[in-house]
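Taking it in order: structure first as structure tokens, then the write-up.
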Amino acid sequence: MGVEKQMKIFKKWWFWLIIVLVVGGALAANGQKSKQTAVSQEQSAEKSTEKKDEKAEKQEKVSKIGEPTTIGKFEVTVNGIKENKTIGENEYMQKKTENQFLVVDVSVKNLDKDSRTVDTSMFKIIDGKGSEYSPLSDGDLYVNSSNNQMFLSKINPNIAKKSNVAFEIPEGVTGLKLQVESGLGLKAGESATIDLGK
């Protein structure tokens, strides 16, 4: 009797409907997965192409010493660099290092209609291996007179300020570039790179 009941179930229409729905659902889910995989592979390829394009753009925007570079509402020019183990022209106020100081002579022009604040924190050195060096926090005192210090200094529209930015870096580093931000706080966001030729 048990075998006859099983045979009757196979003859019922609702049983076959359930089987068809289960098999159809499994096939549809498998087809959806392959579509999703194809779409995600296309999106990954597009993203990697976009990243390569962005890297190429960043590499193209490298200026050299003496070339004005526009970053946001500033025009920055590196006038030259100096390397030394001691900074400070006053013999009673000097700073020494076992490494080396790199002093970057820059001009920053305000292209905005309003005054803008500049600071040494807008600058950093990047070496050929990708290491980043921040400016000396007290460097303004040693490499600038009171007239050309850059610590939170305001620049009026269409005026350029010439100043020095001091960094302490290891001896022998190469591939040095100066990265400059477009401002402080909310005015930051853009950056440009200037090859220091070292």
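Position 130 of the sequence shown, counting from 1, maps to 322 under our numbering, and the rest follow consecutively. Using N, Cα and C, we set each Cβ at its ideal position, and we do this for glycine too.
Can you give me the start and stop residues for the alpha helix (DSSP H) that V335 sits inside? What you label residue 335 is simply residue 143 of the sequence shown in a count that begins at 1. G331 to V335 is the extent of the alpha helix (DSSP H) around V335.
Checking the sheet assignment: what are the DSSP bridge partners for G272? Translated into positions along the sequence shown, residue 272 becomes position 80. Beta-bridge analysis with DSSP links G272 to D297.
Roughly how many angstroms separate the alpha carbons of K250 and E283, rounded to a whole number? What you label residue 250 is simply residue 58 of the sequence shown in a count that begins at 1. What you label residue 283 is simply residue 91 of the sequence shown in a count that begins at 1. Residue placement at K250 is flagged as unreliable, the pLDDT there being 48, under the threshold of 50; a coordinate-derived value is accordingly withheld.
Buried versus exposed call for S255 [16 or more other C-beta atoms within 10 Å across all chains shown]: Your numbering for residue 255 matches position 63 in the sequence shown. Buried, since its Cβ has 16 or more Cβ neighbours within 10 Å.
Quick one: grab the DSSP three-state call for L328. As a first step, residue 328 must be located in the sequence shown, where it is residue number 136. Coil.
Cβ neighbours of K265 in the same chain (closer than 8 Å, five flanking residues each side left out): Along the sequence shown, one-based indexing puts residue 265 at 73. Once the five neighbours on either side are set aside, the close Cβ partners of K265 are N302, L303, D304, R308, S374, G375 and K379.
Kindly give me the distance between the Cβ atoms of V310 and I347, rounded to whole angstroms, as I take these residues to be in contact under 8 Å. Taking the first residue of the sequence shown as position 1, residue 310 is located at position 118. Taking the first residue of the sequence shown as position 1, residue 347 is located at position 155. Indeed, because the Cβ distance is near 6 Å, the residues count as touching under 8 Å.
What would DSSP say about T312, mapped onto helix, strand or coil? By one-based count along the sequence shown, residue 312 stands at place 120. When DSSP states are grouped into helix, strand and coil, T312 belongs to the helix group.
C-alpha distance - T312 paired with V300, whole-angstrom precision: Against the sequence shown, residue 312 aligns to sequence position 120. Against the sequence shown, residue 300 aligns to sequence position 108. Between T312 and V300, the C-alpha separation is close to 11 Å.
Candidates L294, M285, P349 and K353, of which the one nearest P362 by Cα: Within the sequence shown, numbered from 1, the residue matching residue 362 stands at position 170. Per the Cα distances, L294.
Exposed or buried, which one is V270 when buried takes at least 16 other CB atoms within 10 Å? Position 78 of the sequence shown, counting from 1, holds the residue named residue 270. Buried is the call here.
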